[in-house]
Amino acid sequence: MRNYESDGVLPPAERSANGYRRFTEVHAKALDAYLALIAGHGYAASGEIMRAVNRGEIDTALRAIDHSHALLQRDRETLDAVEEVVALLTAGTEPQPQSRKAVPISVLAHRLGVTPATLRKWERVGILQPERDAATRHRVYSADDVRDAELAHLLRRGGYQLGHIAGVVRRVRDAGGAEPLAASLHQWRERLTARGRAMLTGAARLAEYIAGRHRPTVRPH
Numbered sequence: 157m158r159n160y161e162s163d164g165v166l167p168p169a170e171r172s173a174n175g176y177r178r179f180t181e182v183h184a185k186a187l188d189a190y191l192a193l194i195a196g197h198g199y200a201a202s203g204e205i206m207r208a209v210n211r212g213e214i215d216t217a218l219r220a221i222d223h224s225h226a227l228l229q230r231d232r233e234t235l236d237a238v239e240e241v242v243a244l245l246t247a248g249t250e251p252q253p254q255s256r257k258a259v260p261i262s263v264l265a266h267r268l269g270v271t272p273a274t275l276r277k278w279e280r281v282g283i284l285q286p287e288r289d290a291a292t293r294h295r296v297y298s299a300d301d302v303r304d305a306e307l308a309h310l311l312r313r314g315g316y317q318l319g320h321i322a323g324v325v326r327r328v329r330d331a332g333g334a335e336p337l338a339a340s341l342h343q344w345r346e347r348l349t350a351r352g353r354a355m356l357t358g359a360a361r362l363a364e365y366i367a368g369r370h371r372p373t374v375r376p377h
């Protein structure tokens, strides 16, 4: 409790005559709100929210909450994109690399119908990770790179932004392909659902704490 107060997560406690802190129901509600927020927003964002509330900066706290919700929405969109791609991959309907031989940037660009500049842009945002030829230092794209480029091209035609496409490709790459990734999608969606529900719980606890802070004290006659 002392650490939370020192960090600004709890409002300052009054002191008794002998110097001991006096924690009240308001502090209990603040702690309840903070712990509830953590499950949905994480430690850093939850601390930022609580410190803003305790300073009376409600708008700043709401902005932090909005940011967390925006991140959750982005994660949902990325998952949707991954599910779409995995469905195409496992159905065998997406374009397949024509060979296991590495190809230069000009060949890959021609295959996709894009410019080499587009492929270099995709590399800068993390969609592609080509190696360099030891002698010429030119980019060479492995079969996995070609797969990632074709997935990116497919999603780009579907209207997805490059940041989302990079997340999709990273998921496929980390899982070692579409089949292993497909098995984890259900657990991934469950985690996002749990995070969203935790945000609702945290919002309710925070609203209760804010209302209690501003509720006028009723003094006995």
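Okay, so the sequence shown: first residue is 157 according to the working numbering, each after it adds one. The beta carbon of each residue, even a glycine, is placed where N, CA and C say it ideally should be.
The alpha helix (DSSP H) enclosing residue i, as first and last residue numbers
| i | result |
| --- | --- |
| residue 199 | 181-210 |
| residue 295 | Where residue 295 is concerned, there is no enclosing alpha helix (DSSP H), although the beta strand (DSSP E) it sits in stretches over 295-297. |
| residue 265 | 261-268 |
| residue 165 | First-last for residue 165: undefined, no H or E at that position. |
| residue 279 | 272-280 |
| residue 322 | 318-331 |
Selection from the options that minimises the alpha carbon distance to residue i
| i | options | result |
| --- | --- | --- |
| residue 356 | 167, 165, 195 | 195 |
| residue 272 | 292, 289, 257, 296 | 296 |
| residue 369 | 174, 274, 181 | 181 |
| residue 311 | 325, 302, 301 | 325 |
| residue 352 | 275, 279, 213, 198 | 198 |
| residue 281 | 292, 308, 343 | 308 |
| residue 266 | 306, 227, 175 | 306 |
| residue 299 | 290, 158, 285, 291 | 285 |
| residue 179 | 158, 163, 189 | 158 |
| residue 262 | 167, 175, 294, 214 | 294 |
| residue 200 | 220, 210, 348 | 220 |
| residue 366 | 172, 173, 190, 236 | 190 |
| residue 302 | 287, 362, 315 | 287 |
| residue 210 | 161, 260, 275 | 161 |
| residue 227 | 364, 207, 360, 320 | 320 |
| residue 242 | 350, 332, 172 | 332 |
| residue 315 | 237, 279, 364, 257 | 237 |
Any C-beta of chain B under 7 Å from that of residue i
| i | result |
| --- | --- |
| residue 327 | No chain B is part of this structure, which consists of one protein chain only. |
Residues bridged to residue i [DSSP beta-bridge criterion]
| i | result |
| --- | --- |
| residue 178 | 170 |
| residue 287 | 296 |
With 16 other Cβ atoms within 10 Å as the buried cut-off, status of residue i
| i | result |
| --- | --- |
| residue 185 | buried |
| residue 205 | buried |
| residue 379 | Absent from the model: residue 379. The displayed extent of the chain is 157 to 377, so no value can be given. |
| residue 224 | buried |
| residue 175 | exposed |
| residue 292 | exposed |
| residue 215 | exposed |
| residue 203 | buried |
| residue 304 | buried |
| residue 234 | buried |
| residue 347 | exposed |
| residue 289 | exposed |
| residue 360 | exposed |
| residue 208 | buried |
| residue 322 | buried |
| residue 212 | exposed |
| residue 313 | exposed |
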